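The opening residue of the sequence shown carries number 12 in our numbering; numbering runs sequentially from there.
All C-beta atoms in this analysis are idealised placements derived from N, C-alpha and C, irrespective of residue type, glycine included.
Keep in mind it's a predicted model, so treat the numbers as computed, not measured.
Report on the following structure.
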Amino acid sequence: MGWLYNQIALTDTLFEAWEKVASNDGRAGIGGLTIADYSLCVEQRLKDLSAELLTGTYQPHPLLKCHLQKPNGGLRTLQIPTVRDRVAQTAAALVLAPIINAQLSSCTFAYRAGLSRMTAADEIEKLRNDGYQYVLDADIRNFFDSVQHPLLLTRLSELIDDQELISLITRWLTAETVEPMTNTRSRNAIGLPQGTPIAPVLANLYLDKFDDALEAEGFKLIRFADDFLVLCKTRPHAEAALKLSESVLKDLRLELHPDKTRITTFAEGFKYLGYLFIRSLVLPTKMHPEKWYDKLGHLRLRKLPRPLPPDGTPLPDEFEHPDDKFELNTGEETLELSRETISQTEFGRKLLESLSASNTSIDAFLADVQKRDAVRAVEKTEALKRLYSPFLRTLYLQTQGSYVRKESERILIEKEDKVLTEVQANKVEQIIVFGNISLTTPVMQFCLQRQIPIAFLSQTGNYFGRLEATTADNTASERHQYLRSLDETFSLETARAIIAAKIHNSRVMIQRRRATAWGADYELKEHFERHLALMAEMMAAAEAADSFETLRGYEGKAAAVYFELFGLLFKKDGAFYTDRFRRIRRPPTDPVNSLLSFAYTLLHANLFSIARLHGLSPYIGFLHAEEKGNPALINDLMEEFRTVMDSLVLYTLNRGLLKQRDFFYAKDHSACFLSDDARKRFLEIFESRMQEESAYKQGGVKLNFRRILEAQVKQMKAVIMDKRPMYEPYRTPI
């Protein structure tokens, strides 16, 4: 197989492609599988897709034909690939784009990184200022439907020597298309299927020779897909550009649209790429209602202060004077407009029509908008209060396909150019990222500089790793920690205390719920009492264990007894009750195990951040084995808090806050995971528990649970640094 084809098939390339597909969202193709559906098992799906491509067994699914209404009343036909095929085509576009873009002229602005409608408009304005006043305003008739496959593939073969890739692209171009209303099927013998990720990059390649031909004759061409302008200094020059365009396009089996092609001037005015060019003005011609507001929901239009009339008497605010000036921030530039100019644009006309229909002046409308903006600001502040935990203040990022960027002292979470959430950067102390979410380099640099750790988890909650700064000097504490770990007597003493506390906490949790569990069932009551007595024996034995092997044996037996009772604590008439519960970790095979694993992952992430915050190495512990990549100290500290998470899982499922339908299984039922919505709801439950205050025996005070975690980490550090005689683990009050 060719090198380029192999690059496309790599899982890294496919994962990058998946991120782009997910961020673009889009409708489902044939079969109805949505972006959300695909994301549920995305790692395995991408591995399967990679294997199909590498083994040559990949075949595109049919395209789904759909028709969209154009603003002018016509129909635009799209051919939608399945999510799987969109990922594969996007991967191909990622690999091909740098090769094709290197061949393209600077006159083409569509589908290229760093170029846009705005940069094209800037170039047009520059040429106008240089004296190019005549404009060939042209459009290619049915361009995407008219592209000749042989010509395109020949041009592609000139650039790449990879027959497997060319064959793959041919299959995409000629894929079967299904019309859902009639269930009729056809194959594309001509054209680029609009709606496919590979079409834009191939469209630019197909028109590359057209660009070269016009530029070779000295014409100033501006092309955006199949819509182009040629700017000239004289009318005869513009007419020559028209003739040459017709000739070159004929060689490509294309033709100009007679109704959309004309020679005009800046004095007459013309519309291009959503802008109105008239004399020296460049105005946005079409702005949908939602575009009247910026990303924070504030109106982009504001009235400028009115100058005093000659007699010095100010006009009443409600009086609409034709000389009034307004400032419009389009999101790309700021324009000063008069009332007359506002009415000449579609944006302004619709705004004025709306105000006229409601019998409202612009002044009154803007005053009302300011009041509503103030209310929204208060609502946003209240929402942000609910976003954070008090300490460690954690920002959870969960919306798939979103991206995170920094603007001044704010962190913005966006999707599809809309701000979903805005937070003050100085209020964040750790970030936890779930799945397909992109963080910009400035955000990561900011977090590294401020020593804000970022934990990366899969969408289903599997822990991947962390991004954290290495600037902190924790040499002294880590040296002490390492030396302590070599002291077998100290390590065994610490490990005994941790395991005894873990068994104690497990017994207390069972004792608090046993009466509800056994009800009037005398045999079940006896069952509980026997097992609780066994756990008491294991706790005493753990406190006296003379070796790690013996200690771990008691821990394992106590855990087996504990989880034998755990399933009986669920409501008897509920879906989660069982007398045969087993703790299964990698992967969890049922909802209870899945939720337990997720809760432990969140606990792990918090303890990891707090330990690093206080200068401890997460990887040097006293109970768990010190293996490469294994955060032994965090695993040690987790043991005394596991039953807090177990209790939270019981509460969540017994109260019906999550139900069976909130979980889903892998195809082979080998693993069970939380749905996206369930994960978000459980995070709220988890954070509520972190904020709950309870008695902290060691300090004789009441602390919220996250501060208790911190207190235990600080105590561990004090013991390591010889400032305390021995470690006292957290024990649930009886």
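Cα atoms of Leu-21 and Phe-609: separation of roughly 29 Å, rounded to the nearest angstrom. Note on geometry: alpha-carbon atoms of Ala-466 and Glu-575 lie some 33 Å from one another.
Contact between Leu-562 and Ile-510 is confirmed by a C-beta separation of about 6 Å, below the 8 Å threshold. For Ile-19, the uninterrupted alpha helix (DSSP H) segment begins and ends at 14-20. Here Lys-137 is actually not in contact with Ser-488; their C-beta atoms are around 60 Å apart, not less than 8 Å. Going by DSSP, Thr-452 is part of the alpha helix (DSSP H) stretching over 452-460. Excluding sequence positions up to five before and after Ser-605, its CB lies within less than 7 Å of the CB of Pro-599, Phe-674, Cys-683, Phe-684 and Leu-685, all in the same chain and listed in chain order. When DSSP reads this structure, Gln-435 sits in a beta bridge with Arg-421. Taking a contact as a CB-CB distance under 8 Å, the pair Met-732 and Phe-716 does not count as one, their CB atoms being some 25 Å apart. Rounded to the nearest whole angstrom, the CA to CA distance from Arg-128 to Glu-187 is 33 Å. It is roughly 32 Å from the alpha-carbon of Leu-535 to the alpha-carbon of Leu-614.
A Cβ-Cβ contact shorter than 7 Å links Ala-512 with Glu-651.
Separation of the CB atoms of Ile-595 and Met-546 is rounded to 21 Å, and the pair is thereby denied contact status at 8 Å. Within its own chain, the residues whose Cβ lies closer than 7 Å to the Cβ of Leu-543, once the five positions on either side in sequence are excluded, are Arg-518, Ile-521 and Gln-522, listed in chain order. DSSP lists no bridge partner for Ile-719.
Residue range 281-283 is occupied by the beta strand (DSSP E) that includes Lys-282. Under the DSSP assignment, Leu-624 falls in the alpha helix (DSSP H) whose first and last residues are 602-624. When DSSP reads this structure, His-78 sits in a beta bridge with Thr-88. Within the same chain, Cβ atoms closer than 7 Å to the Cβ of Ala-33 are found at Ile-46, Ser-50, Gln-411, Gly-412 and Asn-447, the five residues on either side in sequence being excluded. By the Cβ test, the stretch 258-275 is not in contact with the stretch 169-189, since fewer than three Cβ pairs between them sit closer than 8 Å.
Judged by beta-carbon spacing, Leu-579 lies within the 7 Å limit of Asp-590, meaning their Cβ atoms are closer than that value.
Of the residues Tyr-611, Leu-669, Asp-647 and His-635, the one whose Cα lies closest to the Cα of Val-655 is Tyr-611. For Phe-539, the closest C-alpha among the options Phe-577, Lys-417, Val-415 and Glu-560 is that of Phe-577. In the structure shown, Leu-260 adopts helical secondary structure according to DSSP, grouped into three states. A residue is called buried when at least 16 other Cβ atoms come within 10 angstroms of its Cβ; Asp-262 does not meet this threshold and is exposed.
Asp-133 and Phe-120 have their alpha carbons spaced roughly 11 Å apart. With respect to Gln-460, Lys-691 sits apart: the two C-beta atoms are not nearer than 7 Å.
Beta-bridge annotation (DSSP): Asp-238 is paired with Asp-150 and Phe-235.
The C-beta distance from Lys-417 to Val-444 rounds to 15 Å, too long to meet the 8 Å contact threshold.
Going by DSSP, Gln-441 is part of the beta strand (DSSP E) stretching over 441-445. In this structure Leu-659 does not touch Phe-633 by the C-beta definition: roughly 26 Å separates them, more than the 8 Å allowed. Non-local C-beta neighbours of Ala-722 in its own chain, meaning closer than 6 Å and more than five positions away in sequence, are absent.
Rounded to the nearest whole angstrom, the CA to CA distance from Thr-500 to Leu-720 is 25 Å.
In this structure the stretch 251-266 touches the stretch 225-236; the number of beta carbon pairs closer than 8 Å is three or more. Contact annotation: the stretch 69-79 touches the stretch 87-104, with at least three C-beta pairs closer than 8 Å.
Counting along the chain, Phe-684 sits inside the beta strand (DSSP E) bounded by residues 683-685.
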